[in-house]
Amino acid sequence: MKTFKIQVEVKSPLLTPLHGDTLFGHLCWGIVRHEGEDALQEFFLKYKDVNTIPIILSNAFPEDTIPYPQLSPSMLKETDNIEEYKLRKKEKKYSCIPAELILNNNQKISRETIHNSVREKTIESYRACSRLRNKINRLSNTTFEDSVYPVEEIWYFERYKNGKSLPALLDIYALSNENENRIEELLEWAIETGYGADKSLGYGILNIKGIEEVFFPETGNRCMALGHFVPEKNENLKNLKADVFTKYGKLSGDKLLSSNPFKKPIVMYREGATFDFSGQQFVGTLLKDVHADNRIRHHAFAPLIRFTEEEKTS
Numbered sequence: 214m215k216t217f218k219i220q221v222e223v224k225s226p227l228l229t230p231l232h233g234d235t236l237f238g239h240l241c242w243g244i245v246r247h248e249g250e251d252a253l254q255e256f257f258l259k260y261k262d263v264n265t266i267p268i269i270l271s272n273a274f275p276e277d278t279i280p281y282p283q284l285s286p287s288m289l290k291e292t293d294n295i296e297e298y299k300l301r302k303k304e305k306k307y308s309c310i311p312a313e314l315i316l317n318n319n320q321k322i323s324r325e326t327i328h329n330s331v332r333e334k335t336i337e338s339y340r341a342c343s344r345l346r347n348k349i350n351r352l353s354n355t356t357f358e359d360s361v362y363p364v365e366e367i368w369y370f371e372r373y374k375n376g377k378s379l380p381a382l383l384d385i386y387a388l389s390n391e392n393e394n395r396i397e398e399l400l401e402w403a404i405e406t407g408y409g410a411d412k413s414l415g416y417g418i419l420n421i422k423g424i425e426e427v428f429f430p431e432t433g434n435r436c437m438a439l440g441h442f443v444p445e446k447n448e449n450l451k452n453l454k455a456d457v458f459t460k461y462g463k464l465s466g467d468k469l470l471s472s473n474p475f476k477k478p479i480v481m482y483r484e485g486a487t488f489d490f491s492g493q494q495f496v497g498t499l500l501k502d503v504h505a506d507n508r509i510r511h512h513a514f515a516p517l518i519r520f521t522e523e524e525k526t527s
C-alpha cells in the first residue's frame, strides 16, 4: 500500500475531534449517498485482503506534526534540579511533536531529543472553549428549569502567510491501494455535508487542501500508531507501550439505518502507542458486531511509522 498525506483546512470550529475512525464513518455514508448501500458492502469486503484494502486513516494532527510517542520511562537522577522537573512536567502537556524528528530518520528518538525539540518549538495549535446552551420547550417557547448545559468547541489557530490570515491546516495520513483521485473523491464525499456534531449549525466545515504521496522511514526498531486501534486476535505487539480509552461511537445523523444511533462501547489504544516493529504497515482491524445492526462496522486501524528508539543505559 502507498502512504499519502492529506492536508485539510479547518474553516469553522469543531465539536467532534477529527479522528480517523469518525472520518471513516463519514466516508462510508458518502459512499451510500453517491453509490448506494451495495457499494458500501463491497467496500467492506475489500478489507479481507491486505492487497485490496481501500483506505486506512490516521487521526488529524496540526500541520507538520505527529503524535507524541510512548517511550520507555527514564528515571531522573538525584542530581537533577527542580527546573528540570518543571520542564518535564510542561513537556507532558504537548500531544504532538515536530514530524521531522521521525520523518528525517537521522537520529535516535529519546525523551531528551523530544524534550529539546519541544523546548525550541512551541506546539500549540488549538484552544478548547466552553459555550453555554439552553434547552427550549417547543410547546411554551421558553427554556426548561436547569436547562443550561455546556458544549466544548475546538478552535484551531489561523496561520499567517504573506500577511494574510488563512485557515488552520491539519495533516491526515492514509494507507491505500487506491489512486489519489479515488482517495480525494472519497474524502470529499465524507466532508461534503460537514464533519461531526451540529453540522447544520455551521460546525465542522472542512476543505481538502491537497493530497501527496509520502515515504515513511524504512528502518527502525520500533513503530508508532498514528490513530486509535484495536489489535486483531493474532497480532502480537511486543513491548507495547500505550494508553487506552473507551470509544462511545455514534452513527451519523444524516441517514440512520437504525432507530438506535449508538454503537457498543469499544476499548481502543490511543494514537502514539509504540511497539517493536515486525514488518507491518498498519495495525488493527475492521470491527464487526459493534451495533445491533450487523451491517455496521468500525474503523479500528492505524497506520504505523517506524523510528529508532535510543536504548536505555543504566
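Under this note's numbering, the first residue of the sequence shown carries the number 214, and numbering increases by one thereafter. From the three backbone atoms N, C-alpha and C, an ideal C-beta is built for every residue, glycine too. Just so we're clear, the structure is a prediction, and the values are computed from it rather than from any experiment.
The count of Cβ pairs closer than 8 angstroms, one atom from the stretch 482-501 and one from the stretch 391-398, stays below three, leaving the stretches out of contact. Ranking H328, I421, K305 and E431 by CA distance to the CA of L236 puts I421 first. The continuous alpha helix (DSSP H) containing T235 extends over residues G233 to E248.
Here the alpha carbons of T521 and D489 stand approximately 10 angstroms from one another.
Residue pairing by DSSP puts F495 in a beta bridge opposite P516.
When Cβ pairs closer than 8 angstroms are counted between the two stretches, the stretch 240-248 is seen not to touch the stretch 352-362, the count staying below three. Leaving aside the five residues that flank Y408 on each side, the residues in its chain whose CB is nearer than 6 angstroms to its CB run, in chain order, G417 and L419. Counting the other Cβ atoms within 10 Å of the Cβ of E391 gives 16 or more, which makes it buried.
By alpha-carbon distance to I268, the top candidate from L388, P280 and N375 is L388.
Secondary structure note for N392: it is in no beta strand (DSSP E), with a DSSP letter that is neither H nor E. At the C-beta level, S343 and F370 stay beyond 7 angstroms of one another. For L270, the enclosing beta strand (DSSP E) stretches over residues I269 to P275. Here T498 is actually not in contact with A515; their C-beta atoms are around 11 angstroms apart, not less than 8 angstroms.
For E250, the closest alpha carbon among the candidates A455, G440 and R508 is that of R508. Using a 10 angstroms sphere on the CB of T278, the tally of other CB atoms reaches 16 or more, which defines it as buried. Taking one beta carbon from each stretch, the stretch 308-320 and the stretch 427-436 have 3 or more pairs nearer than 8 angstroms; the two touch.
The three-state reading of DSSP puts V361 in coil, since its state is none of H, G, I, E or B. In this chain, I322 is not harboured by any beta strand (DSSP E), its DSSP state being neither H nor E. For Q494 and C309, the gap between their C-alpha atoms comes out near 21 angstroms. Residues of the same chain with a CB within less than 6 angstroms of the CB of I327, apart from the 5 flanking positions on each side, are I310 in chain order.
It is roughly 7 angstroms from the alpha-carbon of P280 to the alpha-carbon of L439. The alpha carbon of E222 has as its nearest neighbour, out of N264, N354 and L231, the alpha carbon of L231. Residue burial annotation: Y298 is exposed, with fewer than 16 other C-beta atoms found within 10 angstroms of its C-beta.
A Cβ-Cβ distance of about 18 angstroms is found for the pair R324 and C436, leaving them out of contact under the 8 angstroms criterion. Taking C-alpha positions only, V245 is separated from L253 by approximately 6 angstroms. Selection K446, K463 and L345 evaluated against E365 yields L345 as nearest (Cα-Cα). By the Cβ-count criterion, I349 is exposed, with fewer than 16 other Cβ atoms from all chains shown falling within 10 Å of its own Cβ.
According to the DSSP assignment, Q220 belongs to the beta strand (DSSP E) that extends over K215 to V223. Taking each of H247, K215 and H441 in turn and checking the Cα distance to E405, the smallest one comes out for H247. In this structure, W368 keeps its C-beta atom at 7 angstroms or more from the C-beta atom of R351. About 7 angstroms separates the CB atoms of L284 and T487; that is less than 8 angstroms, so the two are in contact. For P478, no beta strand (DSSP E) run applies, since DSSP gives it neither H nor E. In the three-state scheme derived from DSSP, where H, G and I count as helix and E and B as strand, S330 is classed as helix.
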